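What follows is one structure encoded as structure tokens, with my remarks underneath.
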Amino acid sequence: MALASLFLTLYGIAAFAVALLYFRPRRQSFVESFPPGPESPTMPTLDSWVQYQQWGREYGDLVYIRKHNMLIINHARVAIDLLEKHARIYSDRPMTQVMKLCGFNDILSLEKYSDKWRGNRRLFQQNFRQSASRRFYPAQYRKIHQYLRDLTAPQKNLCSTPCQCLKTLVFHDPLSQKAIEAVSLIGRAILEPFPAVELFPWLRFMPSWFPGCGFQQVANKCAQYFHEVDTIPFDRATMSSISSFLLAMVQNPDVQSKAQAEIDHVIGRDRLPTLEDRRSLPYVESVYREVMRMQPPLPLGLLHASIDDDFYRGYHIPKGCTVVTNLWAMGRDPDVYSEPDKFMPERFHGLSKWAIYEH
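The sequence shown begins at 7 in the numbering used here and counts up one residue at a time.
Here it is, written out as structure tokens:
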């Protein structure tokens with residue numbers, strides 16, 4: 007009996023040793039198949055796209071942050087390959103417990119891939135696809151025309167002018183400052199690890215002073231700011247685009263003159279433009295696209311998440327990986343855009359949406 011017990015013990019030890027030898031090289035190979043990236047970096051929360059671009063120059067088009075299971079894409083062609091051609095895998099959104107506490111799960115564009123999301127998306131497309139959205143044109147025209155009339159009315163407050171509005175937005179509006187703080191908090195909520203609440207979701211019901219519940223302060227402030235910013239009577243992303251456009255026109259008066267000449271030639275000075283005129287204004291369209299290239303209102307786009315393991319260019323992209331698309335870096339790719347830091351609307355003239363990447 008003792009001999010049999012000893013035999014079984016030795017057999018078990020031998021089997022365990024063989025298993026270690028068998029699985030160790032496979033595990034190492036599996037780990038090494040991840041895309042390259044920095045080891046345990048400090049994640050930026052403001053202007054993070056600049057740091058991501060720098061990592062892209064150092065590590066390549068794919069940058070993997072193993073600590074956060076995050077993949078950063080710095081090249082448009084890679085984004086098209088993964089997010090469009092492999093859309094089945096990358097249609098999900100990351101959603102941590104802290105993000106839920108911030109209220110992100112109530113936003114359609116940030117919802118997890120599910121039956122609820124598909125239903126909401128179907129409803130949204132039915133009412134806001136291009137053909138259906140035409141019914142909103144009259145309301146848009148009324149608002150635009152009222153805004154233009156206000157610009158020419160001397161009795162109106164100077165805050166009606168775009169520059170003054172932008173000055174108020176950036177320097178004086180307390181809600182704008184809260185919006186900036188909210189951006190930082192959102193970055194923390196998404197990027198900063200809070201392992202305790204992910205392992206024990208019931209901690210989200212505990213007070214912030216409870217050990218391991220420091221995430222509550224971030225979540226509470228983020229939810230508060232998010233609610234207050236959401237009530238601002240103008241869209242911050244739109245104002246950001248207007249600000250970028252005005253700055254570009256001030257810095258490039260020759261571009262402004264060409265765009266104005268095209269508008270005068272096509273529309274004249276006896277009527278206001280309509281959305282139907284857009285196809286007849288190719289240079290103005292190119293100006294718009296160049297503004298969006300240099301200063302995208304969402305530099306990192308919307309986060310994606312992989313719902314399954316995937317392999318791309320020999321690299322393993324694990325299930326549940328958060329995928330970040332660095333639109334800011336893509337718009338400054340010197341392999342795609344010559345002189346990327348120069349404002350040149352002509353680069354888009356006569357090109358379709360994706361034609362610039364087809365080379």
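All C-beta atoms in this analysis are idealised placements derived from N, C-alpha and C, irrespective of residue type, glycine included.
Computed from a prediction, not measured in an experiment: that's the story for all the values here.
Closest by C-alpha distance to residue i, when choosing among the options
{"i": "alanine 222", "options": "Gln152, Met105, Tyr343, Leu154", "result": "Correcting the residue identity first, residue 222 is glutamine in this sequence and not alanine. Comparing Cα-Cα distances from glutamine 222 to each of Gln152, Met105, Tyr343, Leu154, the minimum goes to Met105."}
{"i": "proline 47", "options": "Tyr70, Phe40, Pro41", "result": "Tyr70"}
{"i": "methionine 300", "options": "Pro351, His310, Tyr321", "result": "Pro351"}
{"i": "isoleucine 79", "options": "Thr331, Phe354, Gly337, Arg353", "result": "Thr331"}
{"i": "valine 290", "options": "Ile273, Lys227, Thr102, Arg128", "result": "Ile273"}
{"i": "histidine 74", "options": "Pro41, Phe349, Cys327", "result": "Cys327"}
{"i": "phenylalanine 40", "options": "Asp339, Arg338, Pro324", "result": "Pro324"}
{"i": "glycine 66", "options": "Ser54, Ile86, Pro44", "result": "Pro44"}
{"i": "serine 120", "options": "Ala159, Ser54, Ala311", "result": "Ala311"}
{"i": "phenylalanine 354", "options": "Leu88, Pro288, Lys264", "result": "Pro288"}
{"i": "glutamine 103", "options": "Pro305, Gln266, Ala202", "result": "Ala202"}
{"i": "serine 246", "options": "Val297, Ile269, Leu205", "result": "Val297"}
{"i": "arginine 72", "options": "Pro42, Val56, Trp55, Asp87", "result": "Pro42"}
{"i": "glycine 337", "options": "Pro303, Ile313, Asp316", "result": "Pro303"}
Element boundaries [alpha helix (DSSP H), containing residue i]
{"i": "histidine 151", "result": "143–158"}
{"i": "isoleucine 313", "result": "Where isoleucine 313 is concerned, there is no enclosing alpha helix (DSSP H), given that its DSSP letter is neither H nor E."}
{"i": "valine 342", "result": "From DSSP, valine 342 is part of no alpha helix (DSSP H); its letter is neither H nor E."}
{"i": "aspartate 121", "result": "121–134"}
{"i": "glycine 62", "result": "54–65"}
{"i": "serine 292", "result": "288–300"}
{"i": "isoleucine 113", "result": "Careful: isoleucine 113 lies outside any alpha helix (DSSP H) and carries neither H nor E."}
{"i": "proline 93", "result": "Looking at the sequence shown, residue 93 is not proline but alanine. Element bounds for alanine 93: 93–96."}
Collapsed DSSP secondary structure at residue i in the structure displayed
{"i": "valine 272", "result": "helix"}
{"i": "histidine 74", "result": "helix"}
{"i": "valine 330", "result": "strand"}
{"i": "phenylalanine 206", "result": "coil"}
{"i": "isoleucine 79", "result": "strand"}
{"i": "proline 351", "result": "helix"}
{"i": "aspartate 283", "result": "helix"}
{"i": "leucine 309", "result": "coil"}
{"i": "histidine 365", "result": "The pLDDT assigned to histidine 365 is 43, lower than 50, so where the model puts this residue is not dependable; a value taken from the coordinates is nonetheless given after this. DSSP places histidine 365 in coil when its eight states are reduced to three."}
{"i": "leucine 88", "result": "helix"}
{"i": "leucine 253", "result": "helix"}
{"i": "leucine 107", "result": "helix"}
{"i": "leucine 68", "result": "strand"}
{"i": "cysteine 228", "result": "helix"}
{"i": "phenylalanine 221", "result": "helix"}
{"i": "phenylalanine 211", "result": "helix"}
{"i": "glutamine 137", "result": "Looking at the sequence itself, residue 137 is serine, so the reference to glutamine does not match. In this structure, serine 137 counts as coil in the three-state DSSP scheme."}
{"i": "serine 39", "result": "coil"}
{"i": "serine 246", "result": "helix"}
{"i": "serine 46", "result": "coil"}
{"i": "proline 259", "result": "helix"}
{"i": "methionine 101", "result": "coil"}
Cα-Cα separation between residue i and residue j, rounded to whole angstroms
{"i": "glutamine 257", "j": "tyrosine 318", "result": "41 Å"}
{"i": "proline 100", "j": "leucine 278", "result": "44 Å"}
{"i": "histidine 271", "j": "lysine 149", "result": "25 Å"}
{"i": "glutamine 60", "j": "tyrosine 147", "result": "43 Å"}
{"i": "proline 346", "j": "alanine 335", "result": "10 Å"}
{"i": "serine 292", "j": "glutamate 282", "result": "16 Å"}
{"i": "glycine 218", "j": "proline 207", "result": "11 Å"}
{"i": "arginine 124", "j": "glutamine 262", "result": "43 Å"}
{"i": "histidine 322", "j": "leucine 308", "result": "22 Å"}
{"i": "arginine 285", "j": "glutamine 136", "result": "15 Å"}
{"i": "phenylalanine 349", "j": "alanine 254", "result": "8 Å"}
{"i": "leucine 52", "j": "arginine 275", "result": "43 Å"}
{"i": "tyrosine 343", "j": "leucine 157", "result": "36 Å"}
{"i": "glycine 109", "j": "valine 224", "result": "12 Å"}
{"i": "arginine 83", "j": "arginine 63", "result": "16 Å"}
{"i": "arginine 33", "j": "methionine 49", "result": "Low confidence applies to arginine 33: its pLDDT is 44, below 50, so where it sits in the model is not reliable, and the reading given next is rough at best. Taking the straight line joining both Cα atoms gives about 27 Å."}
{"i": "serine 97", "j": "aspartate 260", "result": "42 Å"}
{"i": "alanine 85", "j": "arginine 295", "result": "19 Å"}
{"i": "histidine 92", "j": "leucine 333", "result": "19 Å"}
{"i": "aspartate 341", "j": "histidine 81", "result": "10 Å"}
{"i": "phenylalanine 211", "j": "lysine 122", "result": "25 Å"}
{"i": "serine 249", "j": "proline 305", "result": "15 Å"}
{"i": "alanine 265", "j": "leucine 252", "result": "13 Å"}
{"i": "arginine 139", "j": "asparagine 133", "result": "Checking the displayed sequence, the identity of residue 139 turns out to be serine instead of arginine. Going from the Cα of serine 139 to the Cα of asparagine 133 covers about 7 Å."}
{"i": "leucine 77", "j": "leucine 88", "result": "11 Å"}
{"i": "glutamine 131", "j": "lysine 118", "result": "17 Å"}
{"i": "arginine 128", "j": "phenylalanine 216", "result": "42 Å"}
Run of the beta strand (DSSP E) containing residue i, from where it starts to where it stops
{"i": "aspartate 316", "result": "316–318"}
{"i": "tyrosine 321", "result": "321–323"}
Test: residue i CB closer than 8 Å to a CB of chain B
{"i": "glycine 62", "result": "The structure shown contains no chain B, having only a single protein chain."}
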